[in-house]
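Below: one structure, written as structure tokens.
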Amino acid sequence: MKMNKIFIACDSTNIQRIKEIIKKSNTSKLKIGYKFGLEFLSSKNGRKFVSKLKNQITFGDYKFSDIPNTCASAIKAIKDLKFNYCTMHISSGLEALKAAKKASARTKLVGVTILTSLDNKALKEIGFNKDVKKLVYQQAKLANKAKLDAIVCSAQEVKIVRKVFKKEIITPGIRFDSKLNDQKRVLTPKQAYKNGSDWLVIGRPITIGNIKNNIQTLINHLN
Ligand code: C5P
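Take 81 as the starting number for the sequence shown in this note's numbering and just add one per residue.
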């Protein structure tokens, strides 16, 4: 049976908390990977913890965005952590994406499109004159050109991305209810898979409150 795949966002600076998330989210009903982002990886013991983690699918959500040489060098600098996935912003440009892809070796390089916390109004404020859907489509084409291994976008744009990108699509901005926090472009887990997401990224809806119950709620929702 094909299992639903989820990356749990381990967003904390507290090692005990991260251990608790990993322990309590363990289930045979889902394929689970663990995503470590800027908060944990910037914390005092975060890097060391990841370096010792064994037998897990790991995702280094660094969201690198810099000139080609710096992106490639940063990716080489984390090679020892043996992440299965690592992110960079597609807005870094084609040359940086190609350089990073070359450096990433066995780690899958994931291109991040427009953040799920942004909407059309926010894009206009930044100075973009295309809307979210057009920009994400354009960035997906660029990711394809750079031969990236996966894309991060909102679940609302999966069908658009799929037109030009045939590899893995990973979608954050997943919500069971109306509690959006800082996210703008959200969908439920069921809708996200229906649209064709390969992996969902879920943080607070699982990690805040009773983790075991939240995992069970997710499993029930998907059945
Ligand atoms: O708690 P929540 O479910 O909103 O967590 C989403 C996670 O996905 C966070 O760790 C966030 O950094 C990450 N993310 C995102 N939107 C993107 C890329 C990554 O929310 N476009």
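Backbone N, C-alpha and C fix where the C-beta goes; we use that ideal spot for every residue, glycine too. If you're wondering where the values come from, they're calculated on a predicted model, not measured in any experiment.
- Relative to ligand 1, P269 has its C-beta separated by 7 Å or more from all heavy atoms.
- Taking C-beta atoms as the reference points, V212 and I250 fail to come closer than 8 Å.
- Within a 10 Å sphere around the beta-carbon of G253 sit 16 or more other beta-carbons, which makes this residue buried.
- Short note on V130: C-beta not closer than 7 Å to any heavy atom of ligand 1.
- In the three-state reduction of the DSSP assignment, F129 falls in the helix class.
- In this structure, T196 and R242 do not form a Cβ contact; the two beta carbons are roughly 17 Å apart against a cut-off of 8 Å.
- Around the C-beta of D160, fewer than 16 other C-beta atoms lie within 10 Å, and the residue is accordingly described as exposed.
- At least one heavy atom of ligand 1 lies closer than 7 Å to the C-beta of I282.
- For M83, same chain residues with a beta-carbon under 8 Å away, outside a window of 5 residues either side, are K109, L110, K111 in chain order.
- In the DSSP assignment, no residue is bridged to L228.
- Less than 8 Å divides the Cβ of F87 from the Cβ of K115.
- Under the DSSP assignment, L280 falls in the beta strand (DSSP E) whose first and last residues are 279 to 282.
- Q296 sits exposed, since fewer than 16 C-beta atoms from the chains shown fall within 10 Å of its C-beta.
- When only Cα atoms are considered, V192 and V130 end up about 22 Å apart.
- R186 has its alpha-carbon roughly 31 Å from the corresponding atom of I299.
- In the three-state reduction of the DSSP assignment, C233 falls in the coil class, being assigned neither a helical nor a strand state.
- For L215, the CB contacts under 8 Å within the same chain, skipping 5 residues up- and downstream, are T193, I194, L203, F208 in chain order.
- Spatial neighbours of K221 in its own chain (CB-CB distance under 7 Å, excluding positions within 5 residues in sequence) are listed in chain order as V244.
- Under the DSSP assignment, V192 falls in the beta strand (DSSP E) whose first and last residues are 188 to 192.
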